[in-house]
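A.B. asks: Quick note: the sequence shown uses UniProt numbering, first residue 1, plus one each step.
Below is a structure I'd like to ask you about.
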Amino acid sequence: MKQLLIIALLLLTANFAQAQDKIEWLKFEEAVAASEANPKMLLVDVYTDWCGWCKKMDKETFTDPAVIKYINEKFYAVKMDAEDNKRKFDFKGKSYTEAKMAAAMRVQSYPNFVIIDPTLKNITQLPGYRQPAEFLNGLGQIVDNGIGASK
1 MKQLLIIALL
11 LLTANFAQAQ
21 DKIEWLKFEE
31 AVAASEANPK
41 MLLVDVYTDW
51 CGWCKKMDKE
61 TFTDPAVIKY
71 INEKFYAVKM
81 DAEDNKRKFD
91 FKGKSYTEAK
101 MAAAMRVQSY
111 PNFVIIDPTL
121 KNITQLPGYR
131 QPAEFLNGLG
141 QIVDNGIGAS
151 K
């Protein structure tokens, strides 16, 4: 019995460690539903397939353990292809494609990180490639100050 308990604890620890190996990316509508059930900000990575800086973010910044941990703790993370006109979803009573949603969020350059508050009303952008420390600093300022907050 004791061995079984130890094995179970080891498996749980391994699963937890593995879960922190990467960012938990969701579809936009999944992140919205998750935020409605348990409010957190959304971090939307708006990218294109041809964007070299987007690929550099994926390879270098989004694999950094501190970035992974911070995003998974503080946000529901979303990947959104700014040129995808096929996949459709509903948001606030309207139908969108990823391209239409990126346009509605006024994204004009890539990569661009759109942060949406837990009420799903206020957004801010963090545009351009950023190395891990710089990206964490930018996200931290947004989280600490609250987006859309008038101070």
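Ideal placement from N, C-alpha and C gives every residue a C-beta, glycine not left out.
Compare the C-alpha of TYR129 against each of ALA37, ASN112 and VAL143 and name the closest.
C.D. replies: ASN112
A.B. asks: Measure the CB-CB distance between PRO127 and VAL67 and report whether it falls below 7 Å.
C.D. replies: No, the Cβ-Cβ distance between PRO127 and VAL67 is not below 7 Å.
A.B. asks: Just grab the DSSP bridge partners of GLN125 for me.
C.D. replies: VAL114
A.B. asks: Answer yes if the region 47-54 comes into contact with the region 87-97, meaning at least three C-beta pairs across the two stretches below 8 Å, and no otherwise.
C.D. replies: no
A.B. asks: For MET91, report the span of its beta strand (DSSP E) as first-last.
C.D. replies: Inspection of the sequence shows that residue 91 is occupied by Phe rather than by Met. Taken as a continuous stretch (DSSP letters only), the beta strand (DSSP E) holding PHE91 covers 88-91.
A.B. asks: With C-beta atoms as the reference, is VAL143 less than 7 Å away from LYS79?
C.D. replies: no
A.B. asks: Here's the rule: buried if 16 or more other CB atoms are within 10 angstroms of the residue's CB, otherwise exposed. What is ASP21?
C.D. replies: exposed
A.B. asks: Can you tell me the Cα-Cα spacing of GLY138 and ASN72, whole angstroms?
C.D. replies: 16 Å
A.B. asks: Can you list, in chain order, the residues of its chain whose CB lies under 8 Å from that of ALA34, leaving out five sequence neighbours each side?
C.D. replies: LEU26, LYS40 and TYR76
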